[in-house]
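Novice: Those protein sequence lines, which keep their order, are chains A and B. Numbered per this note's numbering, the first sequence spans residues 1 to 160. Numbered per this note's numbering, the second sequence spans residues 161 to 320.
2 protein chains.
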Amino acid sequence: MIFSKSFGYALRSILYIALLQDEDRKIQADEVAEKLAMPRHFEGKILKRLVKENLLISAKGPHGGFSLHPQTLSTSIFRVVEITDGLTSFNNCVLRLRECNSEKPCPLHDKMVEIKMAMKDVLEKTLISDLLTEDKEEFIKSICTLDVEDLLQKKAEISQ
Amino acid sequence: MIFSKSFGYALRSILYIALLQDEDRKIQADEVAEKLAMPRHFEGKILKRLVKENLLISAKGPHGGFSLHPQTLSTSIFRVVEITDGLTSFNNCVLRLRECNSEKPCPLHDKMVEIKMAMKDVLEKTLISDLLTEDKEEFIKSICTLDVEDLLQKKAEISQ
DNA sequence: GTTAAAAGAGATATTTATGTCTCTTATGTG
DNA sequence: CACATAAGAGACATAAATATCTCTTTTAAC
Numbered sequence: 001m002i003f004s005k006s007f008g009y010a011l012r013s014i015l016y017i018a019l020l021q022d023e024d025r026k027i028q029a030d031e032v033a034e035k036l037a038m039p040r041h042f043e044g045k046i047l048k049r050l051v052k053e054n055l056l057i058s059a060k061g062p063h064g065g066f067s068l069h070p071q072t073l074s075t076s077i078f079r080v081v082e083i084t085d086g087l088t089s090f091n092n093c094v095l096r097l098r099e100c101n102s103e104k105p106c107p108l109h110d111k112m113v114e115i116k117m118a119m120k121d122v123l124e125k126t127l128i129s130d131l132l133t134e135d136k137e138e139f140i141k142s143i144c145t146l147d148v149e150d151l152l153q154k155k156a157e158i159s160q
Numbered sequence: 161m162i163f164s165k166s167f168g169y170a171l172r173s174i175l176y177i178a179l180l181q182d183e184d185r186k187i188q189a190d191e192v193a194e195k196l197a198m199p200r201h202f203e204g205k206i207l208k209r210l211v212k213e214n215l216l217i218s219a220k221g222p223h224g225g226f227s228l229h230p231q232t233l234s235t236s237i238f239r240v241v242e243i244t245d246g247l248t249s250f251n252n253c254v255l256r257l258r259e260c261n262s263e264k265p266c267p268l269h270d271k272m273v274e275i276k277m278a279m280k281d282v283l284e285k286t287l288i289s290d291l292l293t294e295d296k297e298e299f300i301k302s303i304c305t306l307d308v309e310d311l312l313q314k315k316a317e318i319s320q
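Structure representation (structure tokens):
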């Protein structure tokens, strides 16, 4: 796969929190894990990392949980890839040759530079905010495996 | 990484064999492994697979070894990726959501289709023959970690 | 047909990514 | 301050990719 499974977990978590957070309500790791069908503690580590990287803000204790860092909506997908997968895909030779560069290119070098640049370009230009849509219900369906009705209802209950 | 380590081994092996094979001389797995610094038996499995997929031809016994299947020069890199890595990168959602498609797209779907198509296009249009150059010596340097002089000399000794 | 060379095949080992479990730390609330 | 809640952290487990080892099969050459 192009990106790790962790990347999928990270991005979906961010989007879920972006959509369902509220001034009155932070999102708990338990909820994210359950609603998005992720392994609870594995996801916990990813969220921790996202906090460390200033994409999320966390709060311990009762009514604690996660919320988006203010600047996260204008953060690129490329940044998320960087955090979960690192930049080796973009910086290193696909044939994994140490001495491959524009001076001493491997046979695939030029073709791959073309592909990588195109990919990087799309990822850098796509912001978290670009991925959110108006239709919350449809959106949540698109990143959840579970039914969404009780979920939106739950949010309504809490935020009122 | 975009492609597996196996892909690198496979492609480099094919290119090495393409370059150094001769009507008089097949290339042994031992030689490929040594010259391209690959783990001998892991590479053996990859070569076996390439034989099964009709990219290489093998011969057992003394003076046996591997040679290119006639059509391999006009085979695309995409085919090699398909053999070593499968097509999941191209066919599946990067967020690994089962129900992601053009009807019910995940938030990244359209962007990724764009990226994947661009990548697939380059890979399909790039043939093994496109990667080979006239300058054999430089070429071998570009896919080997070792010095090439004694290697070309060896070939000269054998093929005369 | 014996022998040596080389691929093929299967068992096992290691590494990396992913997943689970348990305990600790911090904090809001009564 | 006591307590419950939720994140954080570290030990341990499993799965998948990569790597190694040993044995078997095929075949050319004598």
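Where a beta carbon is used, it is the ideal one built from N, C-alpha and C, also for glycine.
Does the beta carbon of S129/A come closer than 8 Å to any beta carbon on chain B?
Specialist: no
Novice: Restricting to Cα atoms, I'd like to know which of P39/A, F66/A, I77/A and Q71/A is closest to M272/B.
Specialist: Shortest Cα-Cα distance from M272/B to any of P39/A, F66/A, I77/A and Q71/A involves I77/A.
Novice: Among C106/A, F66/A and F42/A, which has the Cα closest to the Cα of D22/A?
Specialist: F66/A
Novice: Could you check where the alpha helix (DSSP H) with F202/B kicks off and where it finishes?
Specialist: R200 to K212
Novice: Contact defined as beta carbons within less than 8 Å: I believe C266/B pairs with I143/A. What is the distance between those atoms, to the nearest angstrom?
Specialist: About 6 Å; that satisfies the 8 Å criterion.
Novice: Report yes or no: do the region 132–141 of chain A and the region 95–105 of chain A share at least 3 C-beta pairs separated by less than 8 Å?
Specialist: Segment contact: the region 132–141 of chain A against the region 95–105 of chain A, fewer than three CB-CB distances shorter than 8 Å; contact not assigned.
Novice: Is the region 29–44 of chain A close to the region 274–287 of chain B, with three or more CB pairs under 8 Å?
Specialist: no
Novice: Return the chain-ordered list of same chain residues with a C-beta closer than 6 Å to the C-beta of I57/A, the five sequence neighbours on each side being excluded.
Specialist: S67 and H69
Novice: Please confirm if K205/B has its CB atom under 8 Å from at least one CB of chain A.
Specialist: no
Novice: Report the residue from A59/A, E53/A and S74/A whose alpha carbon sits nearest the alpha carbon of I83/A.
Specialist: Taking only the C-alpha atoms, the option nearest I83/A is E53/A.
Novice: With a cut-off of 8 Å, does the C-beta of F3/A fall near any C-beta of chain B?
Specialist: yes
Novice: Please report the distance separating the alpha-carbon of G8/A from that of T88/A.
Specialist: 18 Å
Novice: For a quick check, are the C-beta atoms of A178/B and L268/B less than 8 Å apart?
Specialist: Contact: no.
Novice: Who are the neighbours of L50/A on chain B, taking C-beta pairs under 8 Å?
Specialist: Those do not exist, as L50/A stays about 16 Å from chain B at its closest Cβ, beyond 8 Å.
Novice: For I57/A, report the span of its beta strand (DSSP E) as first-last.
Specialist: Annotation: the continuous beta strand (DSSP E) that includes I57/A extends over L56 to A59.
Novice: Given T293/B, which residues of its chain have a CB within under 6 Å of its CB, disregarding the five upstream and five downstream residues?
Specialist: F299
Novice: Any C-beta of chain A sitting closer than 8 Å to the C-beta of S302/B?
Specialist: Residue contact with chain A for S302/B: present (Cβ-Cβ distance below 8 Å to some residue of chain A).
Novice: Between L268/B and chain A, is there a C-beta pair that is closer than 8 Å?
Specialist: yes
Novice: Is there at least one Cβ from chain B nearer than 8 Å to E114/A's Cβ?
Specialist: yes
Novice: Exposed or buried, K26/A, counting other C-beta atoms within 10 Å across all chains shown (16 or more means buried)?
Specialist: It is buried - the Cβ of K26/A has at least 16 other Cβ atoms within 10 Å.
Novice: Report the residues of the region 3–36 of chain A with a CB closer than 8 Å to any CB of chain B, ordered along the chain.
Specialist: F3, K5, F7, G8, L11, R12 and L15
Novice: Please name the residues in the region 239–250 of chain B whose beta-carbon is closer than 8 Å to at least one beta-carbon of chain A, in chain order.
Specialist: T248 and S249
Novice: Let me confirm a value: M117/A is counted as buried when at least 16 other C-beta atoms fall within 10 Å, else exposed. Which label applies?
Specialist: So M117/A counts as exposed.
Novice: Whose Cβ in chain B lies nearer than 7 Å to the Cβ of R40/A?
Specialist: Per Cβ cutoff of 7 Å: no residues; R40/A is ~17 Å from chain B at best.
Novice: Candidates S173/B, I275/B, V282/B and E194/B: which alpha carbon is nearest V211/B's?
Specialist: For the residues S173/B, I275/B, V282/B and E194/B, the minimum Cα distance to V211/B belongs to S173/B.
Novice: With a cut-off of 8 Å on the beta carbons, I'd call L255/B and L131/A a contact; round off their distance for me.
Specialist: Between L131/A and L255/B the Cβ distance is about 11 Å, and since that is not below 8 Å, they are no contact.
Novice: So is the beta-carbon of L216/B under 7 Å away from any non-hydrogen atom of the ligand PLP?
Specialist: The model depicted lacks the ligand PLP and carries no ligand whatsoever.
Novice: For a contact meaning CB atoms closer than 9 Å, what does P265/B contact in chain A?
Specialist: S142
Novice: Can you confirm whether L95/A, when its beta carbon is compared against all beta carbons of chain B, has any partner nearer than 8 Å?
Specialist: yes
Novice: Buried or exposed, going by whether 16 or more other CB atoms sit within 10 Å of the CB of K264/B?
Specialist: exposed
Novice: Using a Cβ-Cβ cut-off of 8 Å, state whether E134/A counts as contacting chain B.
Specialist: At a cut-off of 8 Å between C-beta atoms, E134/A does not count as an interface residue with respect to chain B.
Novice: Please list, in chain order, all residues of the same chain as P161/A whose beta carbon is under 8 Å from its beta carbon, the five residues on each side excluded.
Specialist: Because residue 161/A is not part of the residues shown, which for chain A are 1 to 160, the question remains open.
Novice: Within 10 angstroms of its Cβ, does K35/A collect 16 or more other Cβ (buried), or is it exposed?
Specialist: buried
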